[in-house]
Amino acid sequence: MSTLVSERSPITTPQLRDRVPAQRATPRTPATPAAAAPSLPQAAPRANLIFRFIATLLEWHHRRVVRRELGSLDARMLRDVGLDAGTVDYEMRQWFWQPTRNWRD
């Protein structure tokens with residue numbers, strides 16, 4: 027068994043220069059000049075703004091619906107949820123743009 031170990035050639039790691047690709051003598055230049063490159067559409071920021079506005083309106087609507095449903099619960103259901111009438115009254119008086127509180131904390 028010792029003969030097999032001695033017959034093996036030593037394992038060497040490749041040199042760092044072997045791993046790095048060779049650099050070009052001349053740098054690459056784009057095939058088209060910068061002025062001829064297509065520009066991005068200008069509607070993208072405006073579309074993002076519209077989507078954010080719509081998302082805000084949907085969130086406000088959701089808050090209004092949740093508060094209305096919370097106000098429609100009877101005393102037994104509120105006890106099941108772990109809320110009292112004062113908490114529900116407070117939450118019902120909040121404006122739609124104010125976020126709902128996490129009453130579990």
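Take the sequence shown: its position 20, counting from 1, is numbered 46 in my numbering, and each next residue is one higher.
C-beta atoms are modelled at their ideal positions from N, C-alpha and C, and glycine is treated no differently.
Review point. Among the residues of its own chain, which have a CB less than 8 Å from the CB of D110, if the five just before and after it don't count?
Key: L104
**Study point:** Rounded distance between the beta-carbons of T126 and V92, thought under 8 Å
**Key:** With a beta-carbon spacing of about 7 Å, V92 and T126 fall inside the 8 Å limit used to define contacts.
Review point. Excluding the five sequence neighbours on either side, which residues of its own chain have a C-beta within less than 6 Å of the C-beta of L75, listed in chain order?
Key: none
Check your understanding: Taking the alpha helix (DSSP H) that T113 falls in, what are its first and last residues?
Key -> Residues A111 to M118.
Check your understanding: Grouping DSSP H, G and I as helix and E and B as strand, with all else coil, what is D106?
Key -> helix
Review point. If you run the structure through DSSP and keep just helix, strand and coil, what is R93?
Key: It is helical.
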